[in-house]
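J.:
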Amino acid sequence: MMAGRGLSCVRFVMSCSVGFVILNHQPTPLLRRLLERLRVMFDGPPIVCHHDFSKCGLPEGVRLPGVSFVSPSVQTGWGLFSIVEASLLGIEALFRREDAPDWFVLLSAADYPLVPARVVRETFASAGVDAFVSAREVNQASRRTDRLNYRRYLTYRLPRPGLPQAEGEARFLSLSHPWLTRWLTPFSGDFRCYFGSQWFSANRHAAERLLRFHRERPALAAHYLRQERFRSICPDESYLQTILLNDRGLRIGADNLRYMDWEPGSPHPRVLTAAHLPAMLASGAHFGRKFDTGSGAVLDLLDRHLDARGHSAG
């Protein structure tokens, strides 16, 4: 009886299919290495890559079986809403495929797996949530404690009269008092603003609701696009998170299952090296970021670790 129950659990975990949406804008060999590792680990999973062809051609050797590319692609820019659009196009393309998965993971070419496919599947199959998202609320208290994100998302920007040639914050006024912003922004006590990591994992149910919101409720996107007309606001760190965490039909896990090492005050995480390996493997995270073209040594160590733990789909 126990053996039969254990076999049923294994079958349940194995039936949880996982796909990937990967964002890339560089001619980096890391994309090919990541694709090849995912294909081996997850036994040829569905993968959609949004590659920004306006920046460069495809890296060599990335047109692999099971890997499709968003076409036409979006011209992306750091800190701009175009990154959100690229992510949504990738998610939409993934779930239009005949082999659309139960879960997807949003990655970039600077990411790499830290645990075998079996662990990823077990987590998704047993978690009891629809998405894993790391984010926190931005609210009126943030006017003092998180002023950057409050200014980015909860204010209302408009041109400063008489200074059309001004640069930076001199170009615009920011209305920040809640008596004004409650009428001028899409946020309220019933629809709160969130900020967090761009990188997350979610199931088909969450993907469908995310895409439907973006398609049917354009006011949120319009607000972010208006704000960034004056200065970058990094909407990739707020837009999707805000939709997911406000949806009462979704259950959200508060850990996005990524390992990153942030230097205080830096807008980017540190490049991971072999010195980070013990912390990466002890973290329980599914993926680490970020790696670069000089990360060959630590990626080789991760490959050996994954192979030793059994990188196959089983």
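Heads up, this note's numbering is the position in the sequence shown plus 5, with the first residue counted as 1.
Where a beta carbon is used, it is the ideal one built from N, C-alpha and C, also for glycine.
Please read all numbers here as calculations on a predicted model, not as lab measurements.
(1) Consult DSSP for A227 and reduce its assignment to one of helix, strand or coil.
(2) Looking only at its chain, what residues have a beta carbon closer than 8 Å to the beta carbon of S3, apart from the 5 residues adjacent to it on each side?
(3) Which term fits W83, buried or exposed, when burial requires 16 or more other beta carbons within 10 angstroms of its beta carbon?
(4) Terminal residues of the continuous beta strand (DSSP E) containing F177?
(5) Determine which residues share a DSSP beta bridge with V23 and list them.
(6) Threshold first: 3 residues or longer. Then list the beta strand (DSSP E) segments lying entirely within the segment 111-174, N to C.
(7) Quick check on the DSSP output: the alpha helix (DSSP H) that includes V303 runs from which residue to which?
(8) I need the boundaries of the beta strand (DSSP E) containing F292, first residue and last residue.
(9) F235 and Y264: beta carbons closer than 9 Å?
(10) If the criterion is Cβ atoms closer than 9 Å, does the pair L35 and S206 meet it?
(11) Can you tell me which of the three DSSP states R256 falls into?
(12) Quick check on N261: does DSSP put it in helix, strand or coil?
(13) E142 to D266, Cα distance in whole Å?
(14) For C54, which residues does DSSP report across the bridge?
(15) Mapping the DSSP letters down to three states, classify P183 as helix, strand or coil.
(16) In chain order, what residues of the same chain lie with their CB nearer than 7 Å to the CB of A212, ignoring the 5 residues before and after it?
(17) Measuring alpha carbon to alpha carbon, tell me which residue in V67, L63, Q31 and P106 is nearest R42.
(18) Name the two residues that bound the continuous alpha helix (DSSP H) containing F86.
(19) Restricting to Cα atoms, I'd like to know which of I248, N208 and S78 is closest to P191.
(20) With a threshold of 9 Å between beta-carbons, can T186 be considered close to chain B, or not?
T.: With the structure as the only source:
(1) Locating residue 227 in the sequence shown gives position 222, counting from the first residue. Residue state, collapsed to three classes: helix.
(2) Because the chain in this structure spans residues 6 to 319, residue 3 falls outside the shown range and cannot be described.
(3) Position 78 of the sequence shown, counting from 1, holds the residue named residue 83. It counts as exposed.
(4) Working through the sequence shown from its first residue, we reach residue 177 at position 172. Element bounds for F177: F177 to L180.
(5) Locating residue 23 in the sequence shown gives position 18, where the first residue counts as 1. W108.
(6) 116-118, 140-143 and 161-164
(7) Residue mapping note: residue 303 aligns to position 298 of the sequence shown, counting from 1. The continuous alpha helix (DSSP H) containing V303 extends over residues G301 to R314.
(8) What you label residue 292 is simply residue 287 of the sequence shown in a count that begins at 1. F292 to R294 is the span of the beta strand (DSSP E), which, as asked, contains F292.
(9) For this step, residue 235 is matched to residue 230 along the sequence shown. For this step, residue 264 is matched to residue 259 along the sequence shown. No, they are not a contact pair.
(10) Here the question's residue 35 lines up with position 30 in the sequence shown. Here the question's residue 206 lines up with position 201 in the sequence shown. Taking 9 Å as the Cβ cut-off, L35 and S206 do not qualify as a contacting pair.
(11) As a position in the sequence shown, residue 256 is number 251, starting the count at 1. R256 falls in the coil class under three-state DSSP.
(12) Within the sequence shown, residue 261 is the residue found at index 256, counting from 1. Here N261 sits in coil by DSSP.
(13) Here residue 142 refers to the residue found at position 137 of the sequence shown. Here residue 266 refers to the residue found at position 261 of the sequence shown. Cα to Cα, the separation comes out at about 22 Å.
(14) Taking the first residue of the sequence shown as 1, we reach residue 54 at position 49. Bridge partners of C54: I27 and F74.
(15) Residue mapping note: residue 183 aligns to position 178 of the sequence shown, counting from 1. Helix at P183.
(16) Position 207 of the sequence shown, counting from 1, holds the residue named residue 212. The answer, listed in chain order, is I96, F100 and F109.
(17) Walking along the sequence shown from the start, residue 42 turns up at place 37. Ranking V67, L63, Q31 and P106 by Cα distance to R42 puts V67 first.
(18) Position 81 of the sequence shown, counting from 1, holds the residue named residue 86. Counting along the chain, the alpha helix (DSSP H) containing F86 begins and ends at F86 to R101.
(19) Start at 1 with the first residue of the sequence shown, and residue 191 comes out as number 186. Closest option to P191, Cα to Cα, is I248.
(20) The structure shown contains no chain B, having only a single protein chain.
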